[in-house]
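Report on one structure; see the data block that follows.
Residue numbers (the numbering used here): 7 to 192.
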């Protein structure tokens with residue numbers, strides 16, 4: 007008897023890609039800022055990041071958090087930024103360099119085991135842009151990409167997960183969902 011199909015639905019930012027929080031020193035170098043200029047650490051130091059706590063407690067959205075951080079960082083170099091500008095200016099030449107090797111290996115292993123693998127993201131194209139997405143090799147391995155940039159339904163809304171399950175073609179009980187924010191997996 008064959009085993010029932012199973013799937014894996016991954017968040018992108020923080021799960022597949024290295025976060026901006028983890029890349030502060032690299033970002034500072036790319037922007038010509040002194041080391042230690044970017045102090046906000048989000049989930050790595052929520053007590054030291056009031057804005058992150060506001061987001062976690064529902065006073066602002068995740069998109070609001072990142073819009074503020076983009077504007078704040080852009081002002082440090084005399085520019086007016088949105089999130090797309092921030093990602094592009096802090097990424098360097100190769101977006102694939104910011105993909106976690108462990109995530110890439112995990113996707114390869116899951117695919118080799120016959121699992122369906124997809125992405126469920128709140129902001130993939132909004133933050134990265136279609137041109138950068140086209141250069142991300144890991145996206146070519148995915149069976150589906152469900153992005154709230156297009157669906158307009160943000161996690162943790164249950165409808166976002168329903169869209170992810172439908173895109174994978176599997177019921178939720180046959181899918182493992184991985185996210186870096188607890189509120190998105192509760």
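We put the CB at the ideal spot given by N, CA and C, even for glycine.
On a predicted model such as this, the values are computed, not experimentally measured, just so you know.
What whole-angstrom Cβ distance do residue i and residue j have, given they're in contact under 8 Å?
i           : j           : result
residue 149 : residue 106 : Between residue 106 and residue 149 the Cβ distance is about 19 Å, and since that is not below 8 Å, they are no contact.
residue 101 : residue 142 : 5 Å
residue 57  : residue 74  : 6 Å
residue 124 : residue 13  : 7 Å
residue 117 : residue 90  : Wrong, their Cβ atoms sit about 30 Å apart, outside the cutoff.
From this set, the options, which residue's C-alpha is nearest residue i's C-alpha?
i           : options         : result
residue 50  : 25, 34, 68, 166 : 25
residue 3   : 124, 138, 86    : What is shown of the chain runs 7 to 192, which leaves residue 3 out entirely.
residue 190 : 68, 33, 117, 37 : 68
residue 120 : 188, 164, 174   : 174
residue 136 : 82, 46, 93, 32  : 93
residue 6   : 186, 38, 82, 32 : Lying outside 7 to 192, the shown extent of the chain, residue 6 is not represented and no answer is given.
residue 131 : 19, 38, 9       : 19
residue 9   : 192, 180, 188   : 180
Applying the 10 Å Cβ sphere with the 16-neighbour rule, what's the burial state of residue i?
i           : result
residue 153 : buried
residue 108 : exposed
residue 114 : exposed
residue 36  : exposed
residue 156 : exposed
residue 17  : buried
residue 170 : buried
residue 144 : buried
Within its chain, find whatever has a CB closer than 7 Å to the CB of residue i; leave out the 5 residues flanking it on each side and keep chain order.
i          : result
residue 48 : 27, 55, 58
residue 98 : 36
From the DSSP output, which residues share a beta bridge with residue i?
i           : result
residue 15  : 124, 183
residue 153 : 127
residue 22  : Answer is none; residue 22 lacks a bridge partner.
residue 93  : Residue 93 is not bridged to any residue.
residue 105 : 23
Keeping to the same chain, check which residues put their C-beta closer than 6 Å to that of residue i; ignore five residues upstream and five downstream.
i           : result
residue 159 : 165, 166
residue 52  : 58, 59
residue 21  : 184, 186
residue 134 : 93
Can you name, in chain order, every residue of its own chain whose Cβ lies under 8 Å from the Cβ of residue i, other than the five neighbours on each side?
i           : result
residue 182 : 12, 13, 14, 15
residue 34  : 40, 41, 42, 43, 44
With a threshold of 6 Å (Cβ to nearest heavy atom), would residue i be considered close to the ligand SAM?
i          : result
residue 91 : As presented, the structure is devoid of all ligands, the ligand SAM included, so that no description of it is given.
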